[in-house]
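What follows is a single structure, written as structure tokens, with notes after it.
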Amino acid sequence: MDLQPALTCAVVAPLPLALWPGQLQRLRKARIRVVASHVAAEDFDPWLALVRQAGLLPGALCSLVTCDLPWLVARQGKGPMIVVLEPLETDTRDNWQAFVNLIAGLIDPHMRFAALPGPLCLRGDWRPDVHLDLPLIRHFPCDPCTLSGSCPGPLAPTQGLRPRPQPVSNQFDLVEAATGQIELVDGRQYHCDSEQWGMPEVQTAVGRGQLYLDQSTKARLDDFAEDLRLIERTPSGQWQPSATPPFAAEEAELRSILCELLGIVVDIGVGPLRYLDMLAPMIATGAIRYLGIEPDLRHLLAIAPHLPGAVWAQGYGEALPLPDACADAVLMLRSVNHLHDLDAGLAQAARVLRPGGQLLLVDNVTFGLLRTTDQRARAHAIPVSVTPFEHFRNDDASEVLARLPQDWPVLRQRSVQPGGSNQWLLLLRKPGPVPLGGQSGVG
Ligand SMILES: C[S@@+](CC[C@H](N)C(=O)[O-])C[C@H]1O[C@@H](n2cnc3c(N)ncnc32)[C@H](O)[C@@H]1O
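Going left to right, the sequence shown walks through residues 0 to 442 as numbering that gives the first Met the number 0 numbers them.
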């Protein structure tokens, strides 16, 4: 998500604006609109809804004094939001370090931070997610300062930072052009029309055979099997759309594993719950006990009524609200690349899995869509708030496998290859006793 154009956001300040001298003027310079100077805690959610309805990005103004853990936690998981920090003359390096430690533990990747100008030396190695290009208005006394002499100055870029992950798309568009970069489908020329991806990614996707024809007229692609056709290279070297829907073989394999699950199943990042038809009878017969974890409350509210007997928790893969070794199987189905901290997410999955339990990971690598200019315009008109929990990487099976404990037996691995779709699969077993009777008969 690119927050920069959305900085015509609405900001709420925790104190009446009269107590924040010069604030309004500075926010306006940053194209930030202050629509309310104070919103009571109980009115915050309705305020968020109103701001989003108005097409604005919600923001909150605070200082190191007011931005404490309860304040942040109360605002997590509510979708994209920007927190604008106001540096104060009373800030110290220790206060900033405490703040940096605090937000390092935050797990909501959609809460983004910006700061009004102040002395960067105080901020240590923290860099805001959103840069506000504003002059330093207020005078900050920098003496006495331990950095005196080596201070980079209040507006100089900071060094040696470990930035928070930035969302990445897992798709690029190839649009037909008179003189394109790449020739496909009956000799027609295509141009890669993407701000994030260039020819190296296009070549990788071509090498993996991951180009699809967008044959839909929908505003939003929601059924890839129906909406897309894989572009395949014929034996004579031509590129042609396949006649059959993509993903059939991959989905059949995935379903064959899911239907053999037994015991307590933890599903991380359930989304719209594609496998309701299989899971419902498995829960009803007592073959599995199903626990779905999902950060986006809208998904939970939509699916919960359709899966009686399941248990739901709003949460993140990086911080599972579950005890150690409680699950017989952990699933991450197309949510692996959505984790903003993959190592933390895999470590959590390993923690909650019992010895002998199975970890099933499925996700997709980058792919290209052959689109008309109309299809592309339509896709780009979709507001960011519709897809707030984006990808943070496009790892494939081997990249994820390399980050898992090397002594875990790999029961099944499907990597992305030409002729198949861009969906990979990994099934591993945590070392320990033999799995529950008959579980996933692939061990
Ligand atoms: C592409 S959907 C996959 C949904 C479903 N598992 C499926 O296979 O269709 C990815 C899901 O991961 C969720 N997600 C995003 N970030 C997450 C995180 N940090 N931890 C757990 N789930 C996350 C998203 O909200 C979304 O529902």
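Note that CB positions come from ideal geometry on N, CA and C, so glycine has one too.
Which two residues bound the contiguous alpha helix (DSSP H) that contains residue i?
{"i": "PHE223", "result": "223-226"}
{"i": "TRP407", "result": "No alpha helix (DSSP H) holds TRP407; DSSP gives it neither H nor E."}
{"i": "TRP238", "result": "Run containing TRP238: none in the alpha helix (DSSP H); it sits in the beta strand (DSSP E), 238-240."}
{"i": "TRP95", "result": "92-103"}
{"i": "GLY419", "result": "No alpha helix (DSSP H) holds GLY419; DSSP gives it neither H nor E."}
Measuring from the CB of residue i, is there a heavy atom of ligand 1 at a distance below 6 angstroms?
{"i": "ILE267", "result": "yes"}
{"i": "SER334", "result": "yes"}
{"i": "PRO294", "result": "yes"}
{"i": "TYR315", "result": "yes"}
{"i": "ARG375", "result": "no"}
{"i": "HIS37", "result": "no"}
{"i": "LEU338", "result": "yes"}
{"i": "GLY270", "result": "yes"}
{"i": "HIS298", "result": "yes"}
{"i": "ARG273", "result": "yes"}
How would you label residue i, buried or exposed, when you count the other beta carbons within 10 angstroms and need 16 or more for buried?
{"i": "PRO156", "result": "Only weak support is given to the placement of PRO156: the predicted model assigns it a pLDDT of 43, under 50, and the question is left unresolved by the model."}
{"i": "LEU26", "result": "buried"}
{"i": "THR365", "result": "buried"}
{"i": "LEU68", "result": "exposed"}
{"i": "ALA242", "result": "exposed"}
{"i": "ASN363", "result": "buried"}
{"i": "PRO307", "result": "exposed"}
{"i": "LEU359", "result": "buried"}
{"i": "VAL64", "result": "exposed"}
{"i": "GLY285", "result": "exposed"}
{"i": "ALA224", "result": "exposed"}
{"i": "HIS339", "result": "buried"}
{"i": "ALA309", "result": "buried"}
{"i": "VAL344", "result": "Reading off the sequence, residue 344 comes out as Gly, not Val. Looking at its Cβ environment, which holds 16 or more other Cβ atoms inside 10 Å, GLY344 is buried."}
{"i": "SER62", "result": "buried"}
{"i": "LEU425", "result": "buried"}
{"i": "ASN100", "result": "exposed"}
{"i": "GLN237", "result": "exposed"}
Is the separation between the beta-carbon of residue i and that of residue j shorter than 7 angstroms?
{"i": "HIS109", "j": "GLY58", "result": "no"}
{"i": "ARG392", "j": "ASN336", "result": "yes"}
{"i": "ARG228", "j": "LEU212", "result": "yes"}
{"i": "ARG353", "j": "ALA324", "result": "yes"}
{"i": "PHE112", "j": "VAL82", "result": "yes"}
{"i": "TRP311", "j": "LEU296", "result": "no"}
{"i": "VAL415", "j": "ASP395", "result": "yes"}
{"i": "GLN208", "j": "PRO417", "result": "Residue 208 is actually Gly in this sequence, not Gln. Cβ distance < 7 angstroms, so GLY208 and PRO417 count as in contact."}
{"i": "ALA176", "j": "ARG377", "result": "no"}
{"i": "VAL167", "j": "HIS379", "result": "no"}
Kindly indicate the opening and closing residues of the beta strand (DSSP E) around residue i.
{"i": "PRO57", "result": "57-61"}
{"i": "ASN336", "result": "No beta strand (DSSP E) contains ASN336, which DSSP labels as neither H nor E."}
{"i": "ILE31", "result": "First-last for ILE31: undefined, no H or E at that position."}
{"i": "PRO354", "result": "352-363"}
{"i": "PHE366", "result": "366-370"}
{"i": "GLU293", "result": "287-293"}
{"i": "PHE112", "result": "110-114"}
Ligand 2 heavy atoms versus the CB of residue i: any closer than 6 angstroms?
{"i": "ARG51", "result": "Ligand 2 is not among the ligands present in this structure, which contains only ligand 1."}
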